[in-house]
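In our numbering, the protein residues as written are 1059 to 1288.
This is the structure:
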């Protein structure tokens, strides 16, 4: 089992809750790296870096700046194959399994292989499920896919299980950047009961109360980003 994945899997087994702060390179000022990292919660366990659209080389520059100021593991959360940086520790090898656009189910993955064949990055296959967060998210616009409505819980659970059965190591429920509504507790609980792999939840989480509700519902890791950008 891969090292960083093993840590996440073990945390799940021990009911240890994890928190990742997502940094969008296009909205990040490298000169403020130190002050930004000092502002994030002490409970932060991971840094995610990525966005739906990022300028060339901006991801690598952001990762390098972050690595000079923290020992936290840095995970790539790429919107496309151009956002790969060898300076990170891990890449979430995302497949947008809630959508039916082949470019984000397998196309981008194929395009990334030439960069990943001899990589030192730990590669974690991740089933990415876009949930309706009450707005049109950047992921929805870029991927040209529709989010699953929050009331279609059975569809969301079946999609998560399909991801697990297909060999995904993580399931990521995403309401989208700037979501008005986070993923509901009912969805989190239903997916948690159904799968045997770690569950990540992100989008629209802005308060301690929302964090607690998501953790109590069964999220193994939460991802917060927009809240800290603002």
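Glycine included, C-beta positions come from ideal geometry on N, C-alpha and C. Please read these numbers as outputs of a predicted model, since none were measured by experiment.
Using a Cβ distance threshold of 8 Å, residue 1211 and residue 1218 do not count as a contacting pair. In this structure residue 1108 touches residue 1135 by the C-beta definition: roughly 3 Å separates them, less than 8 Å.
Residue 1133 sits in a strand when the DSSP states are folded into three classes. Rounded to whole angstroms, the separation of the alpha carbons of residue 1155 and residue 1249 is 14 Å.
If you look at residue 1213, you'll find it in the alpha helix (DSSP H) that goes 1211-1223. Classified as exposed, residue 1068 has fewer than 16 neighbouring CB atoms from the shown chains inside 10 Å of its CB.
A direct Cα-to-Cα measurement between residue 1158 and residue 1102 gives close to 33 Å. With a beta-carbon spacing of about 19 Å, residue 1180 and residue 1077 fall beyond the 8 Å limit used to define contacts. When rounded, the separation of the alpha-carbon atoms in residue 1119 and residue 1081 is 12 Å. Measuring C-alpha to C-alpha distances from residue 1281 to each of 1233, 1198, 1139 identifies 1233 as the nearest. The shortest CA-to-CA distance from residue 1198 to any of 1111, 1093, 1063, 1075 is the one to 1111. With a cutoff of 8 Å on beta-carbon distance, residue 1225 and residue 1183 are scored as near each other. The beta-carbon distance between residue 1132 and residue 1105, rounded to whole angstroms, is 5 Å. This is short enough to meet the 8 Å contact definition.
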